[in-house]
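Asker: Heads up: the sequence lines are chains V and X, in that order. Reading the first sequence from the start, the letters are residues 1 to 144 in my numbering. Reading the second sequence from the start, the letters are residues 1001 to 1597 in my numbering. Mind having a look at this structure? Questions to follow.
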Amino acid sequence: MIVMRFCARKLAPLVVLLSLVTVSHGQGANTIWEGVYTDEQASRGEVVYSQACISCHGQDLGGNSNSPGLVGMGFMFLWEGRTVGEFFEKIRSEMPTDRPGQLPQQDYLSVVAYILQKNGFPAGESELPASLETLDSIEIDSAR
Amino acid sequence: MNPINAMPHRTYLRIVTIVSILLLLAFFGLATPSQAQIEEFTAVTDEMLVSPPPGEWLSWRGTPAAWGYSPLDQINTDNVRQLQLKWSFALDDTGAIQAAPLIHDGIMFIPSARGVIQALDAVNGELLWEYRPAPPTEEFINSGAGTRAAVLPAGAFAGVGRGVQKNIALYGDMIFAATETASIRAVDARSGLLVWETQVADPTLGYFYTAGPIVANGTLVTGITGCDRYKEDVCFITGHDPLTGEEKWRTATIARPEDPGGDTWGDLPLRFRAGSDAWVAGSYDPEANLIYWGTAQAKPWARAVRGTDGDALYTNSTLALNPDNGQMVWYYQHIPGETQDMDEVFENILIDVDGRKSLFKMGKLGILWQLDRETGEFIKGTDIGYQNIVNLDPITGKITYRDGMIPRIGEELNMCPSTSGVKSWRAMAYSPDTSAMYIPITLNCELATFGPTERQIGGGGAGPVRRINYHHPQSDGNLGEILALDIPSGEVKWRYRSRAPFNTAALTTAGGLVFAGDWNRTMSALDADNGEVLWQVRLATSNQGFPISYSVDGKQYIAMPVGTGGASWSGSLPRELTPELSRPRNGSSINVFALPD
């Protein structure tokens, strides 16, 4: 996985080549554009967000001076090329700021799904799983 | 103000105000009723605010000069080791606490999380009354009164910045507070019942308050924050009639295109001029009849992101305003065209030095500024030596950026301090007995990479920053420091360092003491002369807020608020750089100490 992330940033042509090889072998490596969460999971995440996140990051997820925006250009600047697993671990370990880690694990996953939805990444048939290995295999990439 | 833009805005606010008041009367009147009526209460006058009795604490930093100094000396360097807890009172854990309590007639008035205000017997902590805003009703949320987007679920966590009310003001027989939904309110100091509430700005645009009001020459003055989003409006400070809440004046903290100084934003239209939040309460000089209020940096933080390398008036400035009409008598911009989130918004300490009426302040860079508070002229600047971003001309006060220190989008910058700053809202204190300033410092640096934002209405903001915090090379692994500087020379008298950062304002007393508390629950009393630790105690959670001293019936007390949440680094730097330290995530309280009976 470390290799994959390094490739994404430094060796873009090579990663494209490797991806093609992978796909050609039918192993179906996840991309964030393949529908890695469900609409229902995102809906649950919206409820959690409105309870635990909204007062800092705003109703529109735009953030404020003390809390980063979670949508659009700002979000992609911070997370492009990193994995959903890293994002999940970040918020699970640090959020909400005064009770980090105290939400149920499924709530953190739901919030991640909601944020992905608000950033225009498509929903799919399967929920984001509670598997770091799987989450780490999903790169946040603005390019389809 | 552009009258074309102003008319609909004012009309809108008037409508919002009327609707809000009606709804507030209807719904917020359900707030917790008073527990007791305070019978012995003397109305607070302008004269009392300017020269409070020694045992009272009538303004957020003691007096309008904001020294953070108590003239009481019953507790002193000889006996401070005998201090013991007299009482403690739990505050709400539903939001952030950075309280600055007030003391009058033996009563403590304390701003708590989420708009709660409580009146406590200052001798024993008995609750006399509390004002508790009721959660907004569904009808209120759907009223279209302009607050819909800002209304949060009743149980929502009030996190960074939101929910904080640092200070309240006391005047006449009312307590004044500013809210997280951009309104100001007056509460009867005797009963805790709401008297009036005025919607000052539209919270759907992002506006809210963390700074509370001050009263200057009979006018209630408050500065707004939440000014980082792009909109057809700019940040401001307002003056109000304390009896009714009616707005008397409004002074913009950003130069509009057509205003003097409007060209300092290049050709950016009004909608892309953001920041200059007024998020820390000001000071007042009754002789000059001027209030001094700081403004924050421009938004987005980095020049390259906000699209101009102009000075961006009146960001990162000290403004001198006439409290009667809001006229800006002078301004001093500390860091023109600031570009790294190096805020200069903080407290203004008014000291006469060798007959010169001066104003002292320090921003995130750790430069102690001395200005002539009558004219705004630069007198002296003292760089305490922890920043690597700018050079300060000691003669003119002019700031120039060091080579390579103006950030470019996407390029990592190695800078000290981090965007957290070496100084933040944790106010410094001045002691006339030692002629020294005592400054809570946070030692830190950062690898910072600034990123872009959408330049569209509703966009903007501070701008994203990839942050990698690290210990300051001069810190020996410590995050915290109390720095004592001689005034006016700026020479270092002493430093006291701790692994944990200090997380409160400093308090000085005529007993030769400096009180402050750290993130790791330790409250300390230091010898103001040499920094020696004379007394320490561990409290429930992080010390956070503004300690005060007062006396009732001849007995001196020290009060320390503790709590969590709130802006600045409290949730980030200790977690990242001192991971072995931890604190309870609840336990907000006020803790009062005195000598044994």
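We treat Cβ as the ideally placed atom computed from N, Cα and C, and that holds for glycine. Being a predicted model, the structure only gives us computed values, none of them experimental.
Taking the alpha-carbon positions, what's the residue 1093 of chain X to residue 1123 of chain X distance?
Answerer: Their Cα atoms are separated by approximately 24 Å.
Asker: Buried or exposed, going by whether 16 or more other CB atoms sit within 10 Å of the CB of residue 1404 of chain X?
Answerer: By the neighbour-count rule (16 or more Cβ atoms within 10 Å), residue 1404 of chain X is not buried but exposed.
Asker: Name the DSSP bridge partner or partners of residue 1440 of chain X?
Answerer: Its beta-bridge partners are X:1482.
Asker: Note down, in chain order, every chain C residue with its Cβ under 7 Å from the Cβ of residue 1448 of chain X.
Answerer: Among the protein chains of the structure shown, namely V and X, there is no chain C.
Asker: Note down, in chain order, all residues in the segment 1408-1420 of chain X with a beta-carbon under 7 Å from any beta-carbon belonging to chain V.
Answerer: Here the close residues number zero.
Asker: Could you confirm whether any beta carbon from chain X is found closer than 8 Å to the beta carbon of residue 31 of chain V?
Answerer: So, not an interface residue.
Asker: Below 7 Å on C-beta distance, what does residue 1426 of chain X contact in chain V?
Answerer: By Cβ distance, chain V contributes nothing, its closest Cβ being about 15 Å from residue 1426 of chain X, past 7 Å.
Asker: Along the segment 55-81 of chain V, where does the CB come closer than 9 Å to a CB of chain X? Name the residues.
Answerer: Those would be 55, 56, 57, 58, 59, 60, 62, 63, 64, 65, 66, 67, 68, 69, 72, 73, 74, 75, 76, 77 and 78, in chain order.
Asker: For residue 28 of chain V and chain X, any beta-carbon pair shorter than 8 Å?
Answerer: Any reading at residue 28 of chain V must be qualified, since the residue scores a pLDDT of 40, below 50, and its modelled position is unreliable; no value is offered.
Asker: Using only the alpha-carbon positions, how far apart do residue 1327 of chain X and residue 1170 of chain X sit?
Answerer: In a straight line, the C-alpha of residue 1327 of chain X is about 24 Å away from that of residue 1170 of chain X.
Asker: Quick one: what does DSSP say residue 1556 of chain X is sitting in, helix, strand or coil?
Answerer: Here residue 1556 of chain X sits in strand by DSSP.
Asker: Against residue 155 of chain V, what residues of chain X qualify as contacts under a CB-to-CB distance less than 7 Å, listed in chain order?
Answerer: One cannot answer for residue 155 of chain V here, as it falls past the ends of chain V, which runs 1 to 144.
Asker: Are the CB atoms of residue 1217 of chain X and residue 1352 of chain X within a distance shorter than 8 Å?
Answerer: The answer is no: Cβ separation not under 8 Å.
Asker: Taking the continuous beta strand (DSSP E) assigned at residue 141 of chain V, which residues delimit it?
Answerer: Note, residue 141 of chain V: premise wrong, no beta strand (DSSP E); not H, not E.
Asker: Select from X:1556, X:1514, X:1582 and X:1067 the residue whose C-alpha is nearest the C-alpha of residue 1520 of chain X.
Answerer: Residue X:1582 is the option with its Cα nearest to residue 1520 of chain X.
Asker: Cα separation between residue 114 of chain V and residue 40 of chain V?
Answerer: Going from the Cα of residue 114 of chain V to the Cα of residue 40 of chain V covers about 9 Å.
Asker: Please confirm if residue 1518 of chain X has its CB atom under 8 Å from at least one CB of chain V.
Answerer: By this cut-off, residue 1518 of chain X is not an interface position.
Asker: Expressed to the nearest angstrom, what Euclidean distance is found between the alpha-carbon atoms of residue 1547 of chain X and residue 58 of chain V?
Answerer: Near 31 Å, if we compare the C-alpha coordinates of residue 58 of chain V and residue 1547 of chain X.
Asker: If you measure from the beta carbon of residue 1229 of chain X to each beta carbon in chain V, is any gap under 8 Å?
Answerer: Output row for residue 1229 of chain X: interface = yes.
Asker: Just how far apart, CA to CA, sit residue 1543 of chain X and residue 137 of chain V?
Answerer: For residue 1543 of chain X and residue 137 of chain V, the distance between alpha carbons rounds to 42 Å.
Asker: Could you tell me whether the Cβ atoms of residue 1304 of chain X and residue 1276 of chain X are closer together than 8 Å?
Answerer: Cβ atoms of residue 1304 of chain X and residue 1276 of chain X: not closer than 8 Å.
Asker: Tell me whether residue 1052 of chain X is buried or exposed, calling it buried when 16 or more other Cβ atoms sit within 10 Å of its Cβ.
Answerer: Buried is the call here.
Asker: Decide yes or no for the touch test of the segment 1203-1210 of chain X against the segment 1247-1259 of chain X: beta carbon pairs closer than 8 Å, at least 3 of them.
Answerer: These segments do not touch.
Asker: Give me the residue from X:1111, X:1230, X:1552 and X:1180 with the minimum Cα distance to residue 1059 of chain X.
Answerer: Checked all of X:1111, X:1230, X:1552 and X:1180; the closest Cα to residue 1059 of chain X is X:1111.
Asker: For residue 1570 of chain X, does the count of other Cβ atoms within 10 angstroms reach 16, so buried, or fall short, so exposed?
Answerer: Result: buried.
Asker: Excluding five sequence neighbours on each side, which residues of the same chain lie with their C-beta closer than 7 Å to the C-beta of residue 1554 of chain X?
Answerer: Taken in chain order, the list of residues that qualify is empty.
Asker: List, in chain order, every chain V residue whose beta-carbon is nearer than 7 Å to that of residue 1246 of chain X.
Answerer: By Cβ distance, chain V contributes nothing, its closest Cβ being about 29 Å from residue 1246 of chain X, past 7 Å.
Asker: Is any beta-carbon of chain X found at less than 8 Å from that of residue 44 of chain V?
Answerer: No, no contact with chain X.
Asker: Reducing DSSP to helix, strand and coil, say where residue 1155 of chain X ends up.
Answerer: Because residue 1155 of chain X carries a pLDDT of 41, less than 50, the predicted location of this residue cannot be relied on, and the following value inherits that uncertainty. In the structure shown, residue 1155 of chain X sits in coil (DSSP, three-state: anything other than H, G, I, E or B).
Asker: Taking Cβ to Cβ, would you say residue 93 of chain V is nearer than 8 Å to residue 100 of chain V?
Answerer: Yes; because the gap between Cβ atoms is below 8 Å, this pair is in contact.
Asker: In chain V, which residues lie less than 9 Å from residue 1452 of chain X when you measure between Cβ atoms?
Answerer: Within 9 Å Cβ-Cβ: 73, 74 and 77.
Asker: Label residue 1322 of chain X either buried or exposed according to how many other C-beta atoms from any shown protein chain fall within 10 Å of its C-beta, with 16 as the threshold for buried.
Answerer: Per the 10 Å Cβ criterion, buried.
Asker: Within 8 Å of any Cβ in chain X, is that where the Cβ of residue 97 of chain V sits?
Answerer: Yes - at least one Cβ of chain X is within 8 Å of the one on residue 97 of chain V.
Asker: Could you check what DSSP says for residue 1373 of chain X in three-state terms: helix, strand or coil?
Answerer: In the structure shown, residue 1373 of chain X sits in coil (DSSP, three-state: anything other than H, G, I, E or B).
Asker: Given this structure, state the Cα-to-Cα distance separating residue 1502 of chain X from residue 1442 of chain X, to the nearest angstrom.
Answerer: So the alpha carbons of these two residues sit roughly 7 Å apart.
Asker: For residue 1598 of chain X, would you say it is in contact with chain V, using Cβ-to-Cβ distances shorter than 8 Å as the test?
Answerer: No information on residue 1598 of chain X is available, as it lies outside the stretch 1001 to 1597 that chain X covers here.
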